[in-house]
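If you number the sequence shown the way this note's numbering does, the last residue is 559 and the count never jumps. Backbone N, C-alpha and C fix where the C-beta goes; we use that ideal spot for every residue, glycine too. Note that this is a predicted model, so its numbers are computed, not measured. Encoded as structure tokens, the structure appears first; notes follow it.
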Amino acid sequence: MSVFTYSYKLKLTANLLNEVEYAPIKAAMSDMLAHAKEHKRRTGFILLKDQYLEVEAGKKVLALSERLSGVVLDHPLAAPCLKASQYGRICPSCDKPFRTPLAKLCAECGYTLPEGEVAGPLVDVS
Ligand SMILES: [Zn+2]
């Protein structure tokens, strides 16, 4: 189940998706990156940032991200920021998630966990 909380990476509050919910976006990302790899093989040039917006799979990533999370991303490569597994649990001081499950301090408020402790996952995504 998704969790509605703040994403410091997107700088807004969003529905962060579990692995099952994120799977369609992941598949579209894979297609987009395969297209980018094929473009490089064919032309010798990498895709420029704006060219991802013109690729069908890139458009699909943006559409799926909006439909599944409610967030209008400005670039398809930002989609992994919608995965709840990228974030740590909620900070006891500021109620925003830690930046990663391995974080030792909160990037928002500076709250520091006790020595040897890490944030742990935001949600159980198993
Ligand atoms: Zn905090």
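Taking a contact to mean a Cβ-Cβ separation below 8 Å, would you say V556 touches P534 in this structure? Remark: C-beta atoms of V556 and P534 do not approach each other more closely than 8 Å.
Does Y520 come out as helix, strand or coil in the three-state DSSP assignment? In the structure shown, the three-state DSSP call for Y520 is coil.
Buried or exposed: which applies to A461, given that a residue is buried once 16 or more other Cβ atoms fall within 10 Å of its Cβ? Buried is the call here.
First through last residue of the beta strand (DSSP E) which encompasses T446: From DSSP, the beta strand (DSSP E) with T446 extends over L445 to L449.
Where the beta strand (DSSP E) containing T476 begins and where it ends: Careful: T476 lies outside any beta strand (DSSP E), inside the alpha helix (DSSP H) at E452 to T476.
Reducing DSSP to helix, strand and coil, say where S526 ends up. Under the three-state reduction of DSSP output, S526 falls in the coil class, being neither helix nor strand.
Candidates R474, S498 and Y441: closest to E454 by CA position: The residue with the shortest Cα to Cα distance from E454 is S498.
Quick check: does the Cβ of Y544 come within less than 7 Å of any heavy atom belonging to ligand 1? Yes - ligand 1 has a heavy atom lying nearer than 7 Å to the Cβ of Y544.
L546 versus Y520 - alpha carbon distance: Cα to Cα, L546 sits roughly 15 Å from Y520.
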